[in-house]
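Line by line, the protein sequences give chains A and B.
Going by our numbering, 277 is the number at position 191 of the first sequence; the sequence numbering is gapless.
Going by our numbering, 467 is the number at position 443 of the second sequence; the sequence numbering is gapless.
Think of the CB as a built atom: it goes at the ideal place given N, C-alpha and C, for glycine as much as any other residue.
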Amino acid sequence: MAKDHLSGSLLANDLYFVLHNDRTGRMRLHPRVTGLGLAGAVLGELMLAGHITAGIAAGEVRLALVNTHPTGDPVTQKALDHIIAEPSHSFRTWLQFLGQSAPADVGSRMIQAGLLHPPARRSWLRAAPPPTPVDPNTAMWPIGRLNLAVERREPLNEQDNVLLGLVSAAGGARVVLWDQDPDYLAHATAALPVHLRELVAQTEAAVGDAVISRR
Amino acid sequence: MSVKQERPSAVSSALAKDRLGIPSVVFFVISAAAPLTVVAGSVSTAYAATDVVGVPLGFLLIGAILAIFAVGYVTMARHVVNAGAFYAYTAKGLGRPVGVATAWVALLAYNALQIGLYGAVGFAAEPLIKAWFGSSPPWWVIGLVFWAITGVLGLMRVDVNGKILAFLLITEIAVVLVFDFVGLLNPASVGFSLNVFNPGELFVGGLGAVIATCVASFSGFESSVVFAEETKDPRRTVPMATYISLAVISILYAFSAWAMTVPIGSDKIIQTAKELGPNLYFAAPKEHLGETIATIASVLFVTSIVAALIAFHNTISRYIFALGRERVLPAAFGHTSATGAPIVGSLTQTVIGVIVIIIYAIYDLDPFLQLFFVFGSFGGLGVLLMLAATSAAVIAYFIKTPNNENVWRTKIAPGLAFVLLLVVIALVMVNFDTVLGVPPDSVLRWILPAIFVVAIGFGLAWGAVLRARKPDVYATIGMGAQAAVKGIK
């Protein structure tokens, strides 16, 4: 089950590439927004692999466990362990919580996988530079895939539909898409099953709250 | 089971690290209220424009009314969490069309308060520039410079850093207190007089005008509930921060307004305020503490106005953003920039600001009395309308919603606040000619309040249109960014 997704690219890795510059490795969006988007992608990987789903409990939207088999990947396993330990948090709490660590976690997974260069040492004068993509072409591929599909009005597969939804929820569509056809975007999200639609909506709401909150 | 509950939650403790305590919220709230701007700018103008000596008592009175209002307000905050507090509350309590009307009033009122500050900053910076460079450009050029700075910072999503804000605020308050004591140590020949706290000095012809100024001076205190989700313990932090802020602000303003009269004499304060304007505040300290201290205070006066400009700008652009996310305004208003700023909302506020500055420059209107004071009082009236509507909404909400709050919080205090606020609004309306500085028969005194009536009318109508044409948008009014979540069926 999980193997299927490991054979292709992982959702959070793809989103990481979309939200960071393909050569400098710098974030394209605000750090908090990037964190929330990647938190959505980590939960998305768990949903795509059938570990969790979204459900209503105690009057709020929460995550519900579907299967607790090992995910075979440290980032999603760490998230899944937290969800197993404390199942009573709301969906938005999970996004906020995972948003704190997701950029670093996904980044180190990509360093391990040889997709990113380990960051250069920080000097005492400057903050540590971000990890840079090993191959700019690989880094550009997720954005390219989305752009080609939007331009040709071709449907995306489920995982890329979620990717497109999360990019748009984070406010990144205007930054990375050549053509932001609202009908295409709406259609792509509508094609998703209900729990993945909820994932995109919750991420959009969390990003909105981050913009509204004063810090 | 109990063992499991006692184990600290990894999720909660990780999130708590990032959360605000009471002092942080108090700092945010008081700095939005901009104490030095009020004490140096509003108080002297209140004496001059209203002919009322009882200004200090006015601050205490409004502080007390707002504290009663706050009882129901912070109780509501425990039940309805939203970043656009006033309109979210009225939408929940009095129906979604009233929510839209409140949002329009909020946008008008906050814009007025923000734009009025461009006049104040021009006025406050002019003498400094003159002292340093020999001459100064007209106020509106200075206003445009700060307008540009505010606009750019708004797009870069720079909230003035919490630490800088705290530093400026503490220095501001220190200066205010030092100046107060300089006043107290140098009483005029009439000696100390507490007659500014005599009700007979407040309940006179110009009472409504004093109240409008006082309310405008408090605006910003309502932002405490907006932090509910960002605090360590919303049930405790938000109410405590609200009451502490109100107490600090009202006592500081009342004390300073009184101290200002001591070196001049309460019999001469009106006349002197008319002659000196906001310089009234800097006159006595300059004489007794020297040029340097007076200059530092003048610089802080400017930074205090700038902090308030940025705070109000961000409040407005986020309001617009939230309405865009709900699709009550077109969806474009809900867009964010790469920096995570509410880009269209921010630009909209910036455009409104420059239009007003240019109109005032063309017609050569006075930046202080006609821009800062008139816009400030107009905004104050709008805030009063929102406060009254919110009090009614609190009562209605708790009648409709099962809860275990006590009667004082859900009915008595908000009911009392509602009645008091209606009286206050009536008084302001009676004196609105004085507020504006126009003759009693001027149509302007009716036109400006009528703008709010029109806004409310349009709001209610737009709410009705949404209910008929776009029920999915109507359903999410007042939900802010959470409008994106339509719910799992």
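Asked	Found
Does the Cβ of T110 (chain A) have 16 or more other Cβ atoms within 10 Å, making it buried, or fewer, making it exposed?	exposed
Would you give the residue range spanned by the beta strand (DSSP E) that V147 (chain A) belongs to?	E146 to L151
Rounded to whole angstroms, how far is the Cβ of Y134 (chain B) from the Cβ of W171 (chain B), which I believe are closer than 8 Å?	Not really, about 16 Å apart at Cβ, beyond 8 Å.
At a Cβ cut of 9 Å, what residues of the segment 347–365 of chain B count as close to chain A, listed as they run along the chain?	R349, A355, G358, H359, T360, S361, A362, T363, G364 and A365
Determine contact between the segment 335–342 of chain B and the segment 493–501 of chain B, defined as no fewer than three beta-carbon pairs at a distance below 8 Å.	no
Check the Cβ-Cβ distances between E146 (chain A) and every residue of chain B, and say whether any is below 8 Å.	no
Step through the CB atoms of chain E and report whether any lies within less than 8 Å of the CB of Q506 (chain B).	The structure shown contains no chain E; the protein chains it does contain are A and B.
Near L92 (chain A), which residues of its chain fall below 8 Å by C-beta distance, leaving aside the five closest residues on each side in sequence?	Any reading at L92 (chain A) is ruled out, since the residue's pLDDT is 42, under 50, leaving its predicted position unreliable.
Taking the alpha-carbon of G289 (chain B) as reference, which of B:L81, B:A240 and B:G207 has the nearest alpha-carbon?	B:G207
Run down chain A in chain order and give the residues with a C-beta less than 7 Å from the C-beta of L490 (chain B).	Chain A residues near L490 (chain B): none, gap ~19 Å exceeds 7 Å.
Can you give me the C-alpha to C-alpha distance between A34 (chain B) and A88 (chain B), rounded to a whole angstrom?	42 Å
Tell me, please, whether the segment 230–249 of chain B touches the segment 68–78 of chain B by the rule of three or more beta-carbon pairs shorter than 8 Å.	yes
Residues of the segment 249–265 of chain A with a CB closer than 9 Å to any CB of chain B: list them in chain order, please.	A255, A256, G257, G258, R260 and V261
Tell me the rounded alpha-carbon separation between A278 (chain B) and A318 (chain B).	22 Å
How about A291 (chain A): is its C-beta nearer than 8 Å to some C-beta of chain B?	yes
Cα separation between P205 (chain A) and A136 (chain B)?	49 Å
Quick check: the Cα distance between V352 (chain B) and G369 (chain B), rounded to an integer number of angstroms?	13 Å
Quick check: the segment 138–149 of chain A against the segment 381–390 of chain B, are there 3 or more CB pairs under 8 Å?	no
What is the residue span of the beta strand (DSSP E) that T255 (chain B) lies within?	T255 (chain B) -> no beta strand (DSSP E), and no H or E assigned at all.
Determine the DSSP secondary structure at L333 (chain B), reduced to helix, strand or coil.	helix
Against I138 (chain A), what residues of chain B qualify as contacts under a CB-to-CB distance less than 9 Å, listed in chain order?	In chain order: nothing, as chain B lies at least about 14 Å away.
R43 (chain B) versus chain A: which residues are under 7 Å apart at the beta carbon?	Neighbours of R43 (chain B) on chain A: none; closest Cβ ~10 Å, over 7 Å.
Between B:L132, B:F482, B:P463 and B:L193, which has its C-alpha nearest P47 (chain B)'s C-alpha?	B:L193
Could you name the residues of the same chain whose beta carbon sits closer than 7 Å to that of F482 (chain B), not counting the 5 residues immediately before and after it, in chain order?	W128
With V418 (chain B) and P438 (chain B) assumed to form a contact (beta carbons below 8 Å), what rounded beta-carbon distance in angstroms separates them?	4 Å
Which of the three DSSP states is assigned to H168 (chain A) in this structure?	helix
Is the distance from the Cβ of E290 (chain A) to the Cβ of A255 (chain A) below 8 Å?	yes
Would you kindly report the start and end of the unbroken beta strand (DSSP E) that includes I142 (chain A)?	I138 to A143
Since A38 (chain B) meets chain A, which of its residues come closer than 7 Å, beta carbon to beta carbon?	F183 and Q186
With a threshold of 16 other CB atoms inside 10 Å of the CB of K116 (chain B), please say whether the residue is buried or exposed.	buried
At which residue ranges does the segment 484–508 of chain B contain complete alpha helix (DSSP H) runs of 4 or more residues, listed in the order of the chain?	495–499
Do you know whose CA, among B:K435, B:T255, B:Y498 and B:I471, lies nearest V124 (chain B)'s CA?	B:Y498
Between V122 (chain B) and F103 (chain A), what straight-line distance do the alpha-carbon atoms span, to the nearest angstrom?	45 Å
Assuming T61 (chain B) and A332 (chain B) make a contact with CB atoms under 8 Å, what is their CB distance in whole Å?	6 Å
Cβ of A34 (chain B) less than 8 Å from any chain A Cβ?	yes
For the alpha helix (DSSP H) containing F456 (chain B), name the first residue and the last one.	F456 to L460
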